[in-house]
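**Q**
There are 2 protein chains.
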Amino acid sequence: MSDFTTLTVAELNELQDQLQSKLETFKSQGLNLDMSRGKPSPKQLDLSNEMLDVVSSQDLLKDESGTDARNYGGLDGITEAKQFFADMLEVSPKEILIGGNSSLNMMYDAIARAMTFGVYGSETPWGKLPSVKFLCPSPGYDRHFSICELFNIEMIVIDMKENGPDIDEVERLVKEDESIKGIWCVPKYSNPDGITYSDEVVDRLAKMETKANDFRIFWDNAYNVHHLTDSPDTLMDIMATCKEVGNPDRVFIFSSTSKITFAGSGIGVMAASEQNLGLIKEQLSMQTIGPDKLNQLRHVRFFKNMENLHEHMRKHAEIIKPKFDMVLNKLETELKEKNIASWHEPNGGYFISLNTLDGCAKDVVRMAGEAGVKLTGAGATFPYGKDPRDRNIRIAPTFPSLDELEKAMDVLCLCVQISSVKKLVAKKQ
Amino acid sequence: MSDFTTLTVAELNELQDQLQSKLETFKSQGLNLDMSRGKPSPKQLDLSNEMLDVVSSQDLLKDESGTDARNYGGLDGITEAKQFFADMLEVSPKEILIGGNSSLNMMYDAIARAMTFGVYGSETPWGKLPSVKFLCPSPGYDRHFSICELFNIEMIVIDMKENGPDIDEVERLVKEDESIKGIWCVPKYSNPDGITYSDEVVDRLAKMETKANDFRIFWDNAYNVHHLTDSPDTLMDIMATCKEVGNPDRVFIFSSTSKITFAGSGIGVMAASEQNLGLIKEQLSMQTIGPDKLNQLRHVRFFKNMENLHEHMRKHAEIIKPKFDMVLNKLETELKEKNIASWHEPNGGYFISLNTLDGCAKDVVRMAGEAGVKLTGAGATFPYGKDPRDRNIRIAPTFPSLDELEKAMDVLCLCVQISSVKKLVAKKQ
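Chains as they are written, first to last, in our numbering: chain V, 1 to 429; chain F, 1 to 429.
#1: Count the other C-beta atoms from every protein chain shown that fall within 10 angstroms of the C-beta of residue 338 (chain V), then say buried if there are 16 or more, exposed otherwise.
#2: Going residue by residue through the segment 359 to 414 of chain F, where are the continuous alpha helix (DSSP H) segments of at least 4 residues, counting only ones entirely within it?
#3: Use the C-beta contact count for residue 95 (chain V): other C-beta atoms within 10 angstroms, 16 or more gives buried, fewer gives exposed.
#4: How is residue 162 (chain V) classed by DSSP in three states: helix, strand or coil?
#5: What are the boundary residues of the alpha helix (DSSP H) that residue 207 (chain V) is part of?
#6: Evaluate residue 394 (chain V) with the Cβ neighbour count: other Cβ atoms within 10 Å of its Cβ, from every protein chain shown; 16 or more gives buried, anything less gives exposed.
#7: Verify whether the separation of the beta carbon atoms of residue 315 (chain F) and residue 47 (chain F) is less than 9 Å.
#8: What residues in the segment 14 to 44 of chain V have a beta carbon less than 8 Å from any beta carbon of chain F?
#9: Could you list which residues in chain V have their beta carbon closer than 7 Å to that of residue 150 (chain F), in chain order?
#10: What is the C-beta distance between residue 186 (chain F) and residue 140 (chain F), in whole angstroms, given that I count them as a contact (C-beta under 8 Å)?
#11: Find the residues of chain V that neighbour residue 116 (chain F), judging by a C-beta separation of less than 8 Å, and give them in chain order.
#12: What residues in the segment 288 to 318 of chain F bring their beta carbon closer than 8 Å to a beta carbon of chain V?
#13: For residue 361 (chain V) and residue 330 (chain V), what's the separation of their Cα atoms in angstroms?
#14: According to a CB-to-CB cut-off of less than 9 Å, which residues of the segment 50 to 74 of chain V neighbour chain F?
#15: Output yes if chain F places a C-beta closer than 9 Å to the C-beta of residue 262 (chain V); else output no.
#16: Name the chain F residues that come within less than 7 Å of residue 147 (chain V), Cβ to Cβ?
#17: Should residue 2 (chain F) be listed as close to the ligand HEM, given that the test is whether its C-beta is under 8 Å from any heavy atom?
#18: So which of F:192, F:116 and F:236 has the shortest CA-CA distance to residue 127 (chain F)?
#19: Can you confirm whether the segment 363 to 374 of chain F touches the segment 332 to 351 of chain F when touching is taken to mean that 3 or more C-beta pairs between the two stretches lie within less than 8 Å?
#20: Any Cβ of chain F within less than 9 Å of the Cβ of residue 191 (chain V)?
#21: Would you say residue 169 (chain V) and residue 159 (chain V) are within 9 Å of each other, going by their C-beta atoms?
#22: Where does the unbroken alpha helix (DSSP H) through residue 17 (chain F) begin, and where does it stop?
#23: Does the count of Cβ pairs from the segment 381 to 397 of chain V and the segment 142 to 157 of chain V closer than 8 Å reach three?
#24: Would residue 120 (chain F) count as contacting chain V if we go by Cβ distances under 9 Å?
#25: Pick out whichever of F:426, F:357 and F:383 has its Cα sitting closest to the Cα of residue 416 (chain F).
#26: Checking contacts by CB at 9 Å: is residue 221 (chain F) closer than that to chain V?
#27: Looking only at its own chain, which residues have a Cβ that is under 7 Å from the Cβ of residue 209 (chain F), when we skip the five neighbours before and after it?
#28: Out of curiosity, what's the CA-to-CA distance linking residue 318 (chain F) and residue 410 (chain F)?
#29: Residues in its own chain within less than 7 Å of residue 106 (chain V) by CB, not counting five upstream and five downstream?
#30: Which complete beta strand (DSSP E) runs does the segment 94 to 164 of chain F hold, if anything under 3 residues is left out?
#31: Taking the alpha helix (DSSP H) that residue 306 (chain F) belongs to, which residues open and close that run?
#32: Per DSSP, which one or two residues make a beta bridge with residue 506 (chain F)?
#33: Using DSSP bridges, identify the partner residues of residue 62 (chain F).
#34: Three-state secondary structure (DSSP) at residue 233 (chain F)?
#35: Please identify, using Cβ separations under 7 Å, the residues of the segment 82 to 108 of chain F that lie next to chain V, in order along the chain.
#36: Label residue 130 (chain V) either buried or exposed according to how many other C-beta atoms from any shown protein chain fall within 10 Å of its C-beta, with 16 as the threshold for buried.
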């Protein structure tokens, strides 16, 4: 089948009947498939099971410095864990703050603290200002946007381009508006596009002039080591760049092992300048006695070094690459020539981002849901859940099995076609 | 030696010389002892080492409901953990919210959320009000007070009596002042006095009339099962009482296994009405994907039931009871007849609270520190670190060995005597 946009109304109507009847066949199978969230599959989780065996009653339960890992203490993490994550994020151990099992929680806390107390260098807590705004490169990560919404931070959509957010627009806005206090970035294998920011974008983010003197880049480097191929994307070192250009406190980096070891029992981590962390640790010392040190020991003893970490990530890729390939092949064979959708082929991360014809995404997600295929809600990848063009659908291929994924993609591709035909017919009539 | 208060100045001066020379002997030993924080000892931590073996790569890594405990999900905890903590706190599993490794963090979060969003039933977030006040039964737990200080919540000292906080005063204040939004309570084996609130106090806290319609009791039941004797104190069920008297949403209960299993890798838990938790979970769902489920599995599989938990706590008592006895015996033999100090003999918990003559606590803590014995800072047990009578010293006997403790107590008792003599001489001159 060729380009849908060249078909007549009669041809489209006939096509519609064929597609609809195919969809009915799938519906009759009573499918129950979930491509909605970026969850690792059981096989991926199995890769880390032995991490559960390296901190047993028979093992030394002290860290390198001799501290009892079972007892209280260690606000920012044990020495060897700070070193490990410093290596992973290419910063100094002094710039590392280890958290609990959730980097999302660390981001939430960073925003909550900024609102109540301000960040290092703030003259006024953000929450006491008449308005606080964040730039939100979109499509982006729904949970970033939820945090902003909860704290009543106004979100400004910034278009995602092939090399990262529309940096001209970012520069223009932050230069003129003092109430813009931050920007959310997933700079490597972005959620959902799978795009890695170019050196130019990173450089300009680090050096751009901001009207707010306490502007922060929330750099969610969630997919830092999550490559799918042997020729991975490279991301410029933003911390080093910020230091070089004289904005050493501009960036808060976040990451975690949630999609490296166990999604629910990983380790969240934050990296920032010593000045930033100094203030944060002061406040944090009122909040907690420190994160779980035994789980830090588990991680460090399991991986030992970066080489093993990267080897481990190659095993993840072996499991999930065929799933990404399945999704991409289906998109290619079912949609490409029809001129009704576009997508980016990522070199890593957890998602494939599909753009339909304008105004079709909600319809597709609803239709697929009715056929037993659950997708991330349409609009979720935009602030306030509102995709202005109603065209972006986030595909999360990691959790389902290959068989399930194939069926789910068949349904999705059918739904995209049906919705596109409806849209094209409406347009032509 | 008899009552110091009956001695002449000459006798006191002579005594001073003797005491000082004894202290010099200790000083020359180069002691380095720490009685400053309520930390479990290594032997206590050893009691739970086998908890590390029940969730290995060879074990089923799913919870009772079949959910993969390694993956994302479970905002409020796994079913069997909620049941376990519901049994421990005598509430319904629906009233349980499982947290990470720190109940302090849950208290901090509860305050932070109340300030930014309000609690269930709030008309205005607390942080938007001209002033917010908390009642602080004192001596109390320094970290409760630090949280208030950080959030600029004004603290009002309430005297601790033999049966709990001065309830007449509490009732009087909350009835007339709408800005009083809460009270901090450690109701069982209180920190530091080791006092358990009487039924009358619990009952009156539950039913008292409060001007603020969103008043909350922060019920830090940290030492719920931490008995030292076979005839433990009993604490009236505040949640049931609050429900009975028509104030079902008044109480936030907190507890943890920090001093049951591992201080740094335990499980924090909160209990509150379903209405309270409903609002909290709504906000929490923006903050985290949920707490570490593998650590919940470890706890539930290790303990299985309340009987085993209580048996486990008896083993803790076997280790720490001799330490409490040592402290109490030293106080008895060294200080009792001298009429210069008083203390409460607790049936559980982690502390012994020593009251010196007025104006001696800072001096004693300083002097002991100089002799190599670190105590909790004088004043720490009061809001803003200010003990109005400068007399309260918190003794934390659990961490040091019995030998260390004996020496530390010898030094402490000497310092109390020296400081008392100085005070008495000054008074008489």
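Beta carbons: idealized from backbone N, C-alpha and C, even for Gly.
**A** The short version:
#1: Along the first sequence, read from residue 1 onward, the residue named residue 338 (chain V) stands at position 338. Using a 10 angstroms sphere on the CB of residue 338 (chain V), the tally of other CB atoms reaches 16 or more, which defines it as buried.
#2: Taking only runs of at least 4 residues, the alpha helix (DSSP H) segments lying wholly in the segment 359 to 414 of chain F are 361 to 370.
#3: Residue mapping note: residue 95 (chain V) aligns to position 95 of the first sequence, counting from 1. So residue 95 (chain V) ends up on the buried side.
#4: Here residue 162 (chain V) refers to the residue found at position 162 of the first sequence. Residue 162 (chain V) falls in the coil class under three-state DSSP.
#5: By one-based count along the first sequence, residue 207 (chain V) stands at place 207. Bounds of the alpha helix (DSSP H) holding residue 207 (chain V) are 199 to 207.
#6: Taking the first sequence and counting its residues from 1, the one referred to as residue 394 (chain V) is at position 394. So residue 394 (chain V) ends up on the buried side.
#7: Indexing the second sequence from 1 puts residue 315 (chain F) at position 315. Indexing the second sequence from 1 puts residue 47 (chain F) at position 47. In this structure, residue 47 (chain F) lies closer than 9 Å to residue 315 (chain F) by Cβ.
#8: Listed in sequence order: 37, 39, 40 and 42.
#9: Taking the second sequence and counting its residues from 1, one reaches residue 150 (chain F) at position 150. Within chain V, the residues near residue 150 (chain F) are 283 and 286.
#10: By 1-based counting over the second sequence, the position of residue 186 (chain F) is 186. By 1-based counting over the second sequence, the position of residue 140 (chain F) is 140. In this structure residue 186 (chain F) is in contact with residue 140 (chain F), their Cβ atoms being roughly 7 Å apart against a cut-off of 8 Å.
#11: The residue given as residue 116 (chain F) occupies position 116 in the second sequence. Neighbours of residue 116 (chain F) across chain V, judged by C-beta separation under 8 Å: 112, 115, 116, 127 and 151.
#12: Interface annotation for the segment 288 to 318 of chain F against chain V: 288, 289, 290, 291, 292, 293, 294 and 295, criterion Cβ-Cβ distance under 8 Å.
#13: Position 361 of the first sequence, counted from the first residue, corresponds to residue 361 (chain V). Position 330 of the first sequence, counted from the first residue, corresponds to residue 330 (chain V). The alpha-carbon atoms of residue 361 (chain V) and residue 330 (chain V) are separated by roughly 18 Å.
#14: Residues passing the 9 Å Cβ filter: 50, 51, 52, 53, 55, 56, 57, 58, 59, 61, 68, 69, 70, 71, 72, 73 and 74.
#15: Taking the first residue of the first sequence as 1, we reach residue 262 (chain V) at position 262. Residue 262 (chain V) counts as touching chain F.
#16: On the first sequence, residue 147 (chain V) is found 147 positions in, with the first residue counted as 1. Within 7 Å Cβ-Cβ: 286.
#17: Looking at this structure, you won't find the ligand HEM or any other ligand, since it has none at all.
#18: What you label residue 127 (chain F) is simply residue 127 of the second sequence in a count that begins at 1. By alpha-carbon distance to residue 127 (chain F), the top candidate from F:192, F:116 and F:236 is F:116.
#19: Output reads no: the segment 363 to 374 of chain F does not touch the segment 332 to 351 of chain F.
#20: As a first step, residue 191 (chain V) is located in the first sequence; it is residue number 191 there, counting from the start. Chain F, which has no Cβ nearer than 9 Å to the Cβ of residue 191 (chain V), makes this no.
#21: Stepping through the first sequence from its first residue, residue 169 (chain V) is reached at position 169. Stepping through the first sequence from its first residue, residue 159 (chain V) is reached at position 159. The criterion of a C-beta distance shorter than 9 Å is satisfied by residue 169 (chain V) and residue 159 (chain V).
#22: Counted from its first residue, the second sequence places residue 17 (chain F) at position 17. Looking at the DSSP string, the run of the alpha helix (DSSP H) that includes residue 17 (chain F) is 9 to 27.
#23: By the Cβ rule, the segment 381 to 397 of chain V counts as touching the segment 142 to 157 of chain V, because three or more pairs are nearer than 8 Å.
#24: Taking the second sequence and counting its residues from 1, one reaches residue 120 (chain F) at position 120. Not closer than 9 Å to any Cβ of chain V, the Cβ of residue 120 (chain F) fails to qualify, so no.
#25: The count along the second sequence starts at 1 and reaches residue 416 (chain F) at position 416. Checked all of F:426, F:357 and F:383; the closest Cα to residue 416 (chain F) is F:357.
#26: By 1-based counting over the second sequence, the position of residue 221 (chain F) is 221. Not one chain V Cβ lies under 9 Å of residue 221 (chain F).
#27: If you number the second sequence from 1, residue 209 (chain F) lands on position 209. Taking C-beta separations shorter than 7 Å and ignoring five residues to either side along the sequence, the partners of residue 209 (chain F) in its chain run 175, following chain order.
#28: Walking along the second sequence from the start, residue 318 (chain F) turns up at place 318. Walking along the second sequence from the start, residue 410 (chain F) turns up at place 410. Cα to Cα, residue 318 (chain F) sits roughly 23 Å from residue 410 (chain F).
#29: Along the first sequence, one-based indexing puts residue 106 (chain V) at 106. In the same chain as residue 106 (chain V), and ignoring 5 residues on each side of it, the C-beta atoms closer than 7 Å to its own belong to 99, 254, 268 and 270, in chain order.
#30: Entirely contained in the segment 94 to 164 of chain F, the beta strand (DSSP E) runs reaching 3 residues are, in chain order, 96 to 98, 133 to 138 and 154 to 161.
#31: Sequence index remark: in the second sequence, residue 306 (chain F) carries index 306 (1-based). Per DSSP, residue 306 (chain F) belongs to the alpha helix (DSSP H) from 306 to 335.
#32: Only positions 1 to 429 of chain F appear in this structure, which leaves residue 506 (chain F) out of reach.
#33: Translated into positions along the second sequence, residue 62 (chain F) becomes position 62. Paired residue(s): F:68.
#34: Here residue 233 (chain F) corresponds to residue number 233 of the second sequence, with the count starting at 1. Looking at residue 233 (chain F) - three-state DSSP - the assignment turns out to be coil, as it is neither helix nor strand.
#35: Of all residues in the segment 82 to 108 of chain F, only 100, 101, 102, 104, 105 and 108 place a beta-carbon less than 7 Å from a beta-carbon of chain V.
#36: As a first step, residue 130 (chain V) must be located in the first sequence, where it is residue number 130. Under this definition residue 130 (chain V) is an exposed residue.
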